[in-house]
Amino acid sequence: MTLPRQSTRIFLAERPKGPISDRTFKLETTNLPTPAADQVVVRVDYVSLDPAEREWVDDTRSYFPPVQIGETMRAVAIGTVVQGNDQLKEGDTVHGFLGSLDRICRRSSKGSPKNIAMKQMKLIPPSPQGLLDIGKIKAGETLVVSGAAGATGSLACQIGKIKGARVIGLASTSKCSYLVDQLGVDAALDYTSPTFVKDFCETVGYLDVFFDNVGGEILDLALSRLKPYARVVLSGAISTYNSGGQHHGIKNYTQLIFQKVKMEGFICVDYVDRFAEAEAEITRWMNEGKLTYRYHVEQGLERCPEYFGLLFTGGNRGKL
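Per the UniProt record's numbering, the sequence shown starts with residue 1, numbered consecutively.
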């Protein structure tokens, strides 16, 4: 095999003030270094685009240091080893924070994952831990999921149904039918509807678990409809990521006190030691026909910044 001599990457050129623009990222092609004895050359096959990446380019306090100007954009990716060593062989599949590029020279380790039967499975977020460990969802309870048609929300909805809960998903107009017809939720509410608040109160009543991917006004509304001892699982806050710091203030937080509610956030990387467990459980549910998952795959590394915008306009149809 003729080995590639160059690598193309996307790097952070300018910190955005609001939505990603055509000035935020730049494309660069450079020579690929000769791998050392403990390194392998990986061809990147899939780059995951996730809402959290918008937070990573802001110079603010977070769970990761911010991506620096000139640095390759951080991203989870799946790749194939094209030049191996004694630990990883040519043809092995690897995944991790490889970044937004098409080829990379990286150090290998005995712990590197390889030979993945279902490549894209590694891009499924391990949301079962957040819903089950923090939400502790049980049969007969009412679960409300915001961002319900997204990569994480769609899993939370289906896991709630598997556990016997009454599940209500919140999504845009075009995605409500998907939630009901394909994911099997009990009800789907259009958060863009002028009657959304009324619809929410009438349909939900009061809830046991709120799995939040959106934040802002929707989180505030959910806090007003909590049952005693409810659990609020904070998975994301996509409504705030492009706000430039102008966030909606939470007014109903006193209900956390009055209803003796637990509210807790979680980050997927906190559960890295349980990724294999989550993957095995999701695979089993898929094989049993209890869970479905869809991907939105686009071509062209150079268009990643354009595709990234789909996450914030609702233009993606599944995990991007």
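Backbone N, C-alpha and C fix where the C-beta goes; we use that ideal spot for every residue, glycine too. Note that the structure is a prediction, hence the values are computed from the model and not measured.
Could you tell me the distance, in whole angstroms, from the CA atom of residue i to the CA atom of residue j?
{"i": "residue 154", "j": "residue 182", "result": "10 Å"}
{"i": "residue 50", "j": "residue 260", "result": "33 Å"}
{"i": "residue 140", "j": "residue 156", "result": "16 Å"}
{"i": "residue 222", "j": "residue 236", "result": "15 Å"}
{"i": "residue 230", "j": "residue 168", "result": "15 Å"}
{"i": "residue 133", "j": "residue 295", "result": "26 Å"}
{"i": "residue 220", "j": "residue 248", "result": "9 Å"}
{"i": "residue 290", "j": "residue 166", "result": "15 Å"}
{"i": "residue 103", "j": "residue 94", "result": "12 Å"}
{"i": "residue 43", "j": "residue 32", "result": "12 Å"}
{"i": "residue 208", "j": "residue 312", "result": "28 Å"}
{"i": "residue 271", "j": "residue 130", "result": "9 Å"}
{"i": "residue 144", "j": "residue 86", "result": "49 Å"}
{"i": "residue 158", "j": "residue 200", "result": "20 Å"}
{"i": "residue 29", "j": "residue 8", "result": "4 Å"}
{"i": "residue 47", "j": "residue 258", "result": "44 Å"}
{"i": "residue 264", "j": "residue 214", "result": "14 Å"}
{"i": "residue 194", "j": "residue 319", "result": "28 Å"}
{"i": "residue 162", "j": "residue 307", "result": "32 Å"}
Check residue i in the structure and name its three-state DSSP category.
{"i": "residue 197", "result": "helix"}
{"i": "residue 39", "result": "strand"}
{"i": "residue 134", "result": "helix"}
{"i": "residue 31", "result": "strand"}
{"i": "residue 241", "result": "coil"}
{"i": "residue 7", "result": "strand"}
{"i": "residue 83", "result": "strand"}
{"i": "residue 303", "result": "helix"}
{"i": "residue 97", "result": "coil"}
{"i": "residue 73", "result": "coil"}
{"i": "residue 292", "result": "coil"}
{"i": "residue 233", "result": "strand"}
{"i": "residue 216", "result": "helix"}
{"i": "residue 310", "result": "helix"}
{"i": "residue 90", "result": "coil"}
{"i": "residue 53", "result": "helix"}
{"i": "residue 103", "result": "strand"}
{"i": "residue 152", "result": "helix"}
Kindly list the residues whose CB is nearer than 8 Å to the CB of residue i, restricted to its own chain and excluding five residues on each side of it in sequence; keep chain order.
{"i": "residue 218", "result": "146, 170, 191, 212 and 239"}
{"i": "residue 5", "result": "31 and 32"}
{"i": "residue 251", "result": "220"}
{"i": "residue 315", "result": "309"}
What residues in its chain sit with their C-beta under 6 Å from that of residue i, if we drop five residues either side in the sequence?
{"i": "residue 267", "result": "63"}
{"i": "residue 16", "result": "24"}
{"i": "residue 54", "result": "241"}
{"i": "residue 185", "result": "157, 167, 169 and 179"}
{"i": "residue 82", "result": "41 and 43"}
{"i": "residue 148", "result": "157, 169, 170, 171 and 179"}
Within the same chain, show all residues whose beta-carbon is closer than 7 Å to that of residue i, passing over the 5 residues directly before and after it, in chain order.
{"i": "residue 136", "result": "231"}
{"i": "residue 21", "result": "none"}
For residue i, count neighbouring Cβ atoms within 10 angstroms of its own Cβ and tell me buried if that reaches 16, exposed if not.
{"i": "residue 10", "result": "buried"}
{"i": "residue 178", "result": "buried"}
{"i": "residue 59", "result": "exposed"}
{"i": "residue 273", "result": "exposed"}
{"i": "residue 89", "result": "exposed"}
Given 7 Å as the limit, tell me if residue i has its C-beta closer than that to any heavy atom belonging to the ligand HEM.
{"i": "residue 95", "result": "Judged by which ligands are present, the structure shown has none, so any question about the ligand HEM falls away."}
Kindly say whether residue i, judged by its beta-carbon, lies nearer than 8 Å to any beta-carbon of chain B.
{"i": "residue 168", "result": "Among the chains of the structure shown, chain B does not appear; only one protein chain is present."}
What are the uninterrupted segments assigned as alpha helix (DSSP H) that are 4 or more residues long and contained completely in the region 154-194, given in chain order? Correct list: 176-181.
What alpha helix (DSSP H) runs, 4 residues minimum, are completely inside the region 252-294? 254-258 and 275-287
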